[in-house]
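In the working numbering, the protein residues as written are 1 to 398.
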């Protein structure tokens, strides 16, 4: 088959829009409620509480701002150590620094690619003073949440659940975004549903929700003039963005179903080559399948070297590597992405402590980063287009 580059780029995960978004945006425009108050904001806060199963939701300008508010509520002060997922986007970690905290990175486990409960338990023994854990659910797959909750309860630590990538995913039938005392979701442009931007703080604690509402509107006091008694932030979501989110929420389950179909098609298409898909524990968790990823078998990896900014590989018959596959996809106008580079390998965090389950175990996060990549998972991608992408990847192993 003579394969030519796609005329229209196949994206990793671009927004899928519906007509309702325009209706609610227009409503905000016509009623002149375009700032940080309005019906759309009120409605999405109510809708997300009903969908996720929490008592309180506060619509904010980003998932990062929701995480920052969670860190601040948790009482993190300058010099305080905080345990954090290692394989994640930097937005999970950076808010710790906003409050002067010091991230300590917890290694990953292979069954879900998320925080390893055994490494977390060891970390508490090494750093018994730590009282906050920031946990991310990678690529829409829930972590081993029961085990992590048990460990944190044992040591009296607060969980902040970063569910930016896992909205709509469930663990034992319970939605992610409810396992922490404080939780965050994202409506960034590439997420399972989007507002183009925006995020949300979720909690069951009324006082915490009220505090976030106040902090996120510059900590204005209840006075006739502008009265401020503590530090505030410009973090509230606009009613226009909320209109986009409001139009997207009813399509969450449909998006998840389509994402799952993409994942399963990849899984079937790769059954005869030495790779496997990003894993999850069946009958316990149901991901939202936000991004489909693969990892290459160790003995099927060709030689690959990465610096901070460049990657090289040597082609070997019957073998491949993420660098080769991503270069091939790009050649055909298809977007892929390396796995999140672990935080303990990032230049700005290399001096931070990193905890594995024991001293002799492999660095799991680094291994997944070395052998894994994110596949195009856009729900507007056709089956024929995905068939071509599968063939391009299969041919890399010839």
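C-beta atoms are modelled at their ideal positions from N, C-alpha and C, and glycine is treated no differently.
State the beta-bridge partners of residue i as determined by DSSP.
i	result
residue 196	188
residue 155	Residue 155 pairs with nothing; no bridge assigned.
residue 390	DSSP output for residue 390 lists no bridge partner at all.
residue 338	373
residue 132	158
residue 202	57, 183
residue 217	234
residue 304	313
residue 82	103
residue 294	277, 373
residue 62	198
Could you have a look at residue i and say whether DSSP puts it in helix, strand or coil?
i	result
residue 261	helix
residue 29	helix
residue 379	coil
residue 18	coil
residue 311	strand
residue 163	coil
residue 361	coil
residue 175	strand
residue 98	helix
residue 396	coil
residue 325	helix
residue 10	strand
Determine the contact status of residue i and residue j, defining contact as a CB-CB distance below 8 Å.
i	j	result
residue 80	residue 105	no
residue 360	residue 256	no
residue 54	residue 202	yes
residue 259	residue 289	yes
residue 10	residue 264	no
residue 217	residue 36	yes
residue 200	residue 34	no
residue 306	residue 12	no
residue 109	residue 334	no
residue 40	residue 243	yes
residue 165	residue 279	no
residue 60	residue 182	no
residue 287	residue 397	no
residue 352	residue 103	yes
residue 73	residue 113	no
residue 195	residue 241	yes
residue 377	residue 252	no
residue 312	residue 392	no
residue 302	residue 339	no
Assuming residue i and residue j form a contact by the criterion Cβ under 8 Å, report the distance between their Cβ atoms to the nearest whole angstrom.
i	j	result
residue 96	residue 134	7 Å
residue 163	residue 148	With 8 Å as the limit, residue 163 and residue 148 do not qualify as a contact, their Cβ atoms being about 13 Å apart.
residue 198	residue 62	6 Å
residue 327	residue 6	Between residue 6 and residue 327 the Cβ distance is about 16 Å, and since that is not below 8 Å, they are no contact.
residue 343	residue 31	Rounded, the Cβ-Cβ distance is 44 Å, inconsistent with contact.
residue 123	residue 355	4 Å
Measuring from the CB of residue i, is there a heavy atom of the ligand GDP at a distance below 7 Å?
i	result
residue 366	Because no ligand of any kind appears in the structure shown, any question about the ligand GDP cannot be addressed here.
Cβ of residue i less than 8 Å from any chain B Cβ?
i	result
residue 46	No chain B is part of this structure, which consists of one protein chain only.
On the three-pair Cβ rule with 8 Å, is the segment 68 to 80 touching the segment 33 to 49?
no
Answer yes if the segment 168 to 179 comes into contact with the segment 136 to 150, meaning at least three C-beta pairs across the two stretches below 8 Å, and no otherwise.
yes
So does the segment 294 to 303 actually touch the segment 238 to 249, counting three or more Cβ pairs closer than 8 Å?
No: fewer than three Cβ pairs fall under 8 Å.
The segment 174 to 190 / the segment 317 to 337 touching (three or more Cβ pairs under 8 Å):
no
Is it true that the segment 151 to 162 meets the segment 116 to 124, where meeting means three or more beta-carbon pairs spaced less than 8 Å apart?
yes
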